[in-house]
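>
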Amino acid sequence: MTQVAGSLTEDQMQTQTPEQDPTTGPPVADAETEACPLGHRAEGAYEQTPRTTATRYQSRMRYDRAAVHAVLDEALVCHVAFIFDGAPVVLPTVHARRGDRLYFHGSSGGRFASLDGQRVGVTVTLTDAVVLARSWMHHSVAFRSVVVHGTARVVADHEERLAAMRALIEHVAPGRTADSREPTRKELAATTILAVDLNEVSLKARGDGVADDEADLASPYWAGAIPLRLTAGEAKSAPDLLAGIEAPAYARSYVRPFPCGYGH
Ligand SMILES: Cc1cc2nc3c(=O)[nH]c(=O)nc-3n(C[C@H](O)[C@H](O)[C@H](O)COP(=O)(O)OP(=O)(O)OC[C@H]3O[C@@H](n4cnc5c(N)ncnc54)[C@H](O)[C@@H]3O)c2cc1C
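If you count the sequence shown from 1, position 251 lands on 259 in our numbering, and the numbers rise without skipping.
(1) Let me know the secondary structure DSSP gives Asp72 once reduced to three states.
(2) Does the distance from the C-beta atom of Ala50 to that of His77 stay below 8 Å?
(3) With burial defined as no fewer than 16 other Cβ atoms inside 10 Å of the residue's Cβ, what is the status of Gly98: buried or exposed?
(4) Taking 8 Å as the CB-CB limit, is Met69 close to chain D?
(5) In the DSSP assignment, the alpha helix (DSSP H) including Tyr258 goes from what residue to what residue?
(6) So, helix, strand or coil for Lys244, using DSSP?
(7) With a Cβ-Cβ cutoff of 8 Å, do Gly114 and Phe120 count as a contact?
(8) Using a Cβ-based criterion (distance less than 7 Å to any ligand heavy atom), does Thr31 qualify as near ligand 1?
(9) Throw me the rounded Cβ distance for the Leu220 and Ala231 pair, which I believe falls under 8 Å.
(10) By alpha-carbon positions, which one of Thr200, Ala233, Tyr258 and Ser245 ends up nearest to Ala141?
(11) Anyone know if the C-beta pair for Ala213 and Phe112 falls short of 8 Å?
(12) Roughly how many whole angstroms lie between the Cα atoms of Ser188 and His179?
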């Protein structure tokens, strides 16, 4: 991202109250509804700490569990940041949430395997719209993002490893674990599974309002938002599939977010 949704915008917006602010985030869905077959509505909020308090524009921040979980569950991938050999590294990967814990996995020969006990940052981002303002400086992106500050733990317990693997598959496609082969112990042994407990967590949301300066409102340029959505294409069967196997319903009508906060 360039300076398009720049910090200047955030600085300038600081003088507005949330009621005046056209960029205040959208209502963030509570994905964990009563209808979810797997769990209960998450209650309460993560404690707001100095590390999760925004230095600017605190009105965009949320800490309630249900809202944080909804964003974590909707995002297909996360980015994991850590220090390796004295330098910062950030890697994209698939994650899954079970209750107040995030999981991700990698090859046991990869760098994730070295992170046991190490501080990590994890972030997910959902881009809801591009916001085109009359002035360059107020161009922006409507988003919902979560930042997790935590400590990685390499999961050793077999049952927890299997449960984490299950959650990772279900995060990608609910129902899929019942419709595919589970890993062998040997396969699992070649995989590092990391857990990060959700304690210090923040959600930031920017809505799709245009925040032009008063002086620019009379300018002749179009301004507005272009909503963005993740849409699935047509399921494409593997060419070596056994004859007669049809794509299942969850593949033919894949949607994200899923109708409930799956993964818990
Ligand atoms: C799609 C997208 C585009 C963006 N574009 C820009 C841009 O061009 N320029 C820009 O300055 N900022 C942009 N942001 C916002 C950016 O992520 C930071 O929030 C902002 O730069 C403030 O950073 P900071 O380190 O000063 O935050 P601080 O306010 O110092 O952060 C304090 C704490 O607040 C929490 N926090 C901060 N940002 C986020 C976040 N995004 N999501 C969840 N928790 C958060 C974290 O816990 C963090 O430790 C963008 C965000 C998204 C998702």
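Idealized CB from N, CA, C, for every residue including glycine.
Straight from the coordinates:
(1) In the structure shown, Asp72 sits in a strand (DSSP, three-state: E or B).
(2) Yes, they are a contact pair.
(3) First, the amino acid is wrong: residue 98 is Val here, not Gly. By the neighbour-count rule (16 or more Cβ atoms within 10 Å), Val98 is not buried but exposed.
(4) In the displayed structure, chain D is absent; only one protein chain is listed.
(5) Element bounds for Tyr258: Ala257 to Arg260.
(6) Of the three classes helix, strand and coil, the one that applies to Lys244 here is coil, per DSSP.
(7) The answer is yes: Cβ separation under 8 Å.
(8) No - ligand 1 has no heavy atom lying nearer than 7 Å to the Cβ of Thr31.
(9) Residue identity check: residue 220 is Asp in the sequence provided, not Leu. About 6 Å; that satisfies the 8 Å criterion.
(10) Comparing Cα positions, the closest option is Ala233.
(11) No.
(12) Looking at the backbone, the Cα of Ser188 and that of His179 are separated by about 14 Å.
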